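Counting from 1 along the sequence shown, just add 159 to a position and that's the residue number in my numbering.
C-beta: ideal position from N, C-alpha, C; glycine also.
Since we're looking at a predicted model, the values are computed, not measured.
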Amino acid sequence: MNPLLREAELIETRRHFFGRAATGIGTAALASLVNPELFANQSQTQLGAMGAPHFAPKAKRVIYLFMSGAPSQLDMWDYKPKMVDWYDKDLPDSVRNGQRITTMTSGQKRFPIAPSRFKFNQHGEHG
Numbered sequence: 160m161n162p163l164l165r166e167a168e169l170i171e172t173r174r175h176f177f178g179r180a181a182t183g184i185g186t187a188a189l190a191s192l193v194n195p196e197l198f199a200n201q202s203q204t205q206l207g208a209m210g211a212p213h214f215a216p217k218a219k220r221v222i223y224l225f226m227s228g229a230p231s232q233l234d235m236w237d238y239k240p241k242m243v244d245w246y247d248k249d250l251p252d253s254v255r256n257g258q259r260i261t262t263m264t265s266g267q268k269r270f271p272i273a274p275s276r277f278k279f280n281q282h283g284e285h286g
């Protein structure tokens, strides 16, 4: 047999193998979703993550916010006395370069600067 044909046959066989393996894994995943008890450990007596918790939950609702981009740690804790002078003035265009700051500001017309509500108190020798 021609070695090139044999190599093509092996490649095709490998592709078919991975295709069939993916189908088998998908079938097992679907079966576990349809019937979770199918793959469950029968001797397990404790309830897992899908079972009832071992304590009465107190929270009624959860709000999860994922916001890309955030101020650095230095910006959050560093004292900026000039921020008081800039209160309620618009953020200069040189800072934004015409871009949105976050995805939540798409409809926002104005970007006022707001310093911290808390008074700065120096502690120790370095701040």
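Look at PRO271 here: in three-state DSSP terms it is strand. About 7 Å separates the Cβ atoms of TYR246 and ALA273, confirming a contact at the 8 Å cut-off. Spanning the alpha carbons of LYS241 and LYS217 requires a straight line of approximately 43 Å.
In terms of Cβ geometry, GLY228 and THR261 form a close pair [threshold 8 Å]. Under DSSP, ASP249 forms a beta bridge with PRO271. In chain order, PRO271 and ILE272 place their CB closer than 8 Å to the CB of LYS248, counting only its own chain and leaving out the 5 sequence neighbours on each side. Annotated as distal: PHE277 and TYR238, with beta-carbon spacing of 8 Å or more.
Check the Cα spacing between PRO251 and each of TRP236, ARG269 and VAL243: the tightest is with ARG269. A check of alpha carbon separations from SER275 across TRP236, THR186 and LEU192 identifies TRP236 as the nearest.
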